[in-house]
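Residue numbers (our numbering): 356 to 1186.
Using N, Cα and C, we set each Cβ at its ideal position, and we do this for glycine too.
These notes concern the structure reproduced below.
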Amino acid sequence: MNIQMPETCVSSYSCNTDISLWLNGSHPQIEDGVVTREVCGGSYLGDCCYYKTNPIRVKACPGNYFVYELVNPQFVCSGYCTDVSTISRPISTVSPNIITGSSITLNYDPCNNYNILDNYRRSTLNYWFWFGSANGLDDTRVEWDGWYRLFIDGSSAQMPEWCFYYMSCGGYSALYLGGSHPRLEDGVVTREIYGSRYHQCSYYRSEPIQVKACPGDYYVYKFTRPTLSIPLPVYCAVLLTTPSVDPCYNYTSLDEPWRATDYFVYNNNYMCDYNVEWNGWYRMFYNGQNTQMPESCVNNGMCGTYYPLSLNGTHPQLEDGVVTRQVCFSVGGCCDYRSHPIRVKACPGNYYVYEFVKPIVCGAYCAVPEASNQSTPSVSTTTETIPPIEFITPPITTTAPPVDPCYNYTALDDLWRRTNNQHSSQIMCDYWVNWNGWYRLYIQGQSVQMPDTCVDMLSCGTHAPLWLMRGHPTVEDGVVTRDVCGHWMNNCCYFQSNPIKVKACPGGYYVYEFVRPSACSLAYCADARNINITSTTVMPETSTTTETTAETTLPAPEIFYPFGSAAGDTINAAVDDGSSSVIQLLSPFLFFGRTYQQIYVNNNGHLTFNQPSSSYVPYSFPARGSQDIIAGLWTNLDNSVRGVVSYHQYTSGNVLTRATRDINTHFPNLTFTASWVFVATWDKVSYFNLTNTETSFQVVLISGGNFSFLLMNYGDIAVTGHPVQVGYDTVNSTHYFVIPESINGSFISNLRNSSNVNVLGRWVFRVDGEPRNSILNNNVVGFRVRLSSFLDLTQNGSTELVLQQIKQELVKYGLPNNIELKLRKLQKIKP
C-alpha cells in the first residue's frame, strides 16, 4: 500500500517519536522532477515548525506515488511521519469482537506449544526515564505469530499487572496487563493491555491479548501487534518467582542508620539505591532494633537521599503471605511519583521482609527510626515453630556477641594506614579485603584507634580516608553502630561508607567490626597523632594479620602510546560535551565489516564514525541501534575544567613498530604488520561537577592488511556516580562487548588492574569481523553444565533455554553474540 509524508502540522510525540517530522510544502507533480522541500518538527508548546531539520529531496513518480531522499535529522529522538489519510487502500476501522475466555477453544494446548521470548531489555527494571537513552524496542515491528512464554535471562517471567512509567522495558510506552492473570481452571482468557504516557496510567489502550495459566506456575500469551498510534510500545516482563525457602528465615539484614526518615542530608551527599545490586529479601533494622518501611510520604532530603522511597499503602498481615506493594516518592506533592513495586511479607515475630529492587530514580528505601511508631503484623497466640538459627541470615543487633570481641579480634597493623601517610605512591583500597569479624588497630605494635574527626584527603595511603562519625563509645555503651565517612573533594563526608560496629574495651582500646567500604579507593585510617613511629616493628604475641590489596598506579608511559603536545597531538577544544571536527583517516579502518574513512573523538569518552556525539549519558550495550561506537570510558566527562583530550594518526615510525610488536604478542597465531595507528587520549580529565577528579585512558585503532584491532589502555580512573559504559557496540549489535564490572562507577578505578591479554590496564580486540566469524564457524566446544533446577531437558524448548543461558554467560567472556550454539550430544550421568 502506498503512503506519503504529511504536508500539514503533526503533533509532537506522534509517529512513534518525540519530534514528528512533516513536509513544509506540497508534494511535486511529475513534471516538476526532483525538488527540495523543507522539513519541520513541532514543539509540545504548539509551534508547528519549531524544529527545522535538514531539507530533503522529493520526486513524484508514475503510478501516483512519491520517493524521498531521506537524510539523518539534526535533532535527537525525531522521526519522519507518514500520513495515514493518503494510504492507497482503506483499512477497516471496525473493532474485532472481544472473545471471553470461556468461549475460546483451541485444537492444541499453548502451554506445550509456545515461542520463547527471552530479552532482558523487556524487564520492568530496565528503565531509562532517569538514567539513560532508549534501547529501541518497538513491538509494532515484530511479526507476532502464535503463543509466547516470557523469560528474563533464562528465568521464567510474566507480564506485570500494575502501571509502569513510560520509558521502561526498553521502549517508550510500557505495556502491562489490565487485570489479574487467570487461574488454571479459567483456561484461555482475554485481557486488556494498557500503556502509560508520562506519569498518566492507562493513557493508552492497546489491542487485547489472550492469556493462559499453565501447570508449572507460568503463563503463555498470544501477543498481537500493539496499536500503531502508541509510541514505541513494548510488552513488559517481570520476575516474580516463588521463594524456595521462606524469606522470613532467609533474608539479609539491612542496618543503615542514614535510612531513617529523620536523617537529613547535608552537603548534597545523597545516597543512591539505584547503584545497589539488590539480590533477594531484606529485613530492616535501625541501630540493631527491628524496624520497617514508612507507609506515608517522606519529605525530600530525608533518609540520606534526595528521593526518599516509602510504601504507598499498608503492610500485609501474616495470613496475606507474599504481596506486591507500590513504592512512591515525592517531587511536587505527597507520593506523586511511583518507583518500581516491591514484594513484602509479614513474618512471625512482628517483623517484615522486603524484596528490594533497583528504583527508577537515585533514591533510597526509608526506615522508620522508632519501633514504637511501627505497625506490626497480627500474631496468633498459638505456638510457632521457628527454624534453627543457622538457616537465618543473622540481623545486626546491639546485644553482646556470644564471644566478647574485646578478647577475640584480629590485629590490624599496617603502617600505611597512619593518618600522616599522605600522597602515597601506592593507593590502597579496603574494598577488596575479605573482612571477617572484629579488628584492633595497631601501628608498629602500638595500640591506636580510628580518627573520629575529619582526615585530610590522600591520607592513610588511599584517595578518600575513612574516619568515624559521632565519636567512640564508652565501656558501658557496649557494642554500638557508627557511621563512616570518606574525605574527598574538600567534603569531609563526600563518601558515606557502610556503617561499622565499635566496642570500647577495658584497657583503653577499641575493637571494630570492619566491613567492605562502599567504593574504591577508600581505606580505614589509624590515628597516628599520639604515637612514635620507629623502624622496628613489634607485633602483639597473640595477634594475626590480615591481607590488604594494593592498587598500584601504573605510570602512563608503560602502557600508553605517545600522546600530548610532545607527540604532536591535535587537541580538542576545552568544551564540556564537545567533539573534534571530522577527522579524515589516512588509511581506511575496517570495523566489523564496515569500512570507514572518517572518525570523531568525543570529549565524553567515546569514538563515533558518522557524526559527532555530545551524549554524556551512555546507553547500555547491546543497544540494537543504528551506529557503530567505541566507548573507551563513556560517561559525563568535562575537559573544560581539567584535563586534555587529544588524538594523532601515524603511518610510519616507532609507533607502528610498537603496534606491530603489541599485536603479534597478544595474537601469537597471527603474522601482522601495522601500517596505520590512530591514538585518542583522555589525559587527567575530570568528571562533570567533580572538578578535583582525574581520569586517564586511551583508545588506539590499529590496522594493517585485512586486519583491524582495537586497543584500550587505562591509567588512573577516578570513582564516579555518573553512569558509565566501557566497550563497543555495532549497528544492530551484531558485535558488542562490555568490559566486566565496568558499568558501575564505583568500580571503574579497577580498570587499570584488569585485562584480557595479561597486561594490567589493557584490553585488546580484533575488530575486522568477518575472519573471526569464519574461524569460529562449526567449532565444537565441550563443557560440563550443572543444572540448579529440575528442568526436564526432554521437554519441548528446555534444551534451547539451557543453550541460551550458556551463551549469555559465554558472551560475558568474549564470545561473539551472533554465534549459534547447538547441542551435539547430551549424556546423562547417574549420581
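Residue environment analysis places D402 among the exposed positions, since fewer than 16 neighbouring C-beta atoms fall within 10 angstroms of its C-beta. Uninterrupted beta strand (DSSP E) stretches at least 3 residues long and entirely within the stretch 620-685 occur at 637-641, 662-666, 677-680 and 682-684, given in chain order. With contacts defined as CB atoms closer than 8 angstroms, L539 and P570 qualify as a contacting pair.
Here DSSP, grouped into helix, strand and coil, assigns I886 to coil. For M1067, the pairing in a beta bridge is given by DSSP as V1054 and W1118. Listed in chain order, the non-local C-beta contacts of R698 below 6 angstroms within the same chain comprise V677, T679 and E710, local neighbours out to five positions each way being set aside. Residue nearest to V653 within the set C721, A922 and W633 is C721 (criterion: CA-CA distance).
Within the stretch 917-949, the complete beta strand (DSSP E) segments of 3 residues or longer fall at 938-946, listed in chain order. Secondary structure note for H1021: its alpha helix (DSSP H) is the uninterrupted segment N1009 to H1021.
With a beta-carbon spacing of about 17 angstroms, T1036 and Y1042 fall beyond the 8 angstroms limit used to define contacts. Counting along the chain, C395 sits inside the beta strand (DSSP E) bounded by residues V389 to G396. Between the alpha carbons of N481 and T597 lies a distance of about 21 angstroms.
Taking C-beta atoms as the reference points, I1018 and I1057 count as a pair closer than 8 angstroms. Shortest Cα-Cα distance from F947 to any of C395, Q513 and G1124 involves G1124. For D785, the closest of I954, S873, L664 and P861 by C-alpha to C-alpha distance is S873. By the criterion of a C-beta distance shorter than 7 angstroms, F869 is surrounded in its chain by W790, Y794, I855 and Y879, once the five residues flanking it on both sides are discounted. With 16 or more other Cβ atoms inside 10 Å of its own Cβ, P649 counts as buried.
Restricted to the stretch 514-572, the beta strand (DSSP E) segments that are unbroken, complete and at least 3 residues in length are 528-532, 543-546, 548-552, 555-560 and 564-569, listed in chain order. Spatial neighbours of W633 in its own chain (CB-CB distance under 7 angstroms, excluding positions within 5 residues in sequence) are listed in chain order as F711, V712 and K713. Our two residues, C689 and H1077, have alpha carbons roughly 28 angstroms apart in a direct line. A distance of 8 angstroms or more separates the beta carbons of P724 and T774.
When secondary structure is reduced to three states using DSSP, E831 falls in the helix class.
Residue environment analysis places A928 among the exposed positions, since fewer than 16 neighbouring C-beta atoms fall within 10 angstroms of its C-beta. V439 sits in a helix when the DSSP states are folded into three classes. When the five nearest sequence neighbours on each side are left out, the beta carbons in the same chain lying within less than 6 angstroms of the beta carbon of V996 are those of S1041 and T1046, in order along the chain.
A distance of 8 angstroms or more separates the beta carbons of I358 and T479.
T660 and I411 have their alpha carbons spaced roughly 49 angstroms apart.
Shown here, I715 sits in coil according to DSSP, grouped into three states, outside any helix or strand. Between the alpha carbons of L1066 and T829 lies a gap of roughly 56 angstroms. Looking at the DSSP output, D993 bridges to S1041. By the CB criterion at 8 angstroms, I1072 and L1106 fall inside the cutoff. The beta-carbon separation of N965 and W989, rounded to 17 angstroms, does not stay under the 8 angstroms limit for a contact.
The closest CA to that of C683, considering only K700, D675, S814 and N655, is found on N655. Separation of F421 and T437 (C-alpha to C-alpha, rounded to the nearest whole angstrom) is 12 angstroms.
Assignment of W843 by DSSP, reduced to helix, strand and coil, places it in the strand class. R949 and T1089 have their C-alpha atoms some 12 angstroms from each other.
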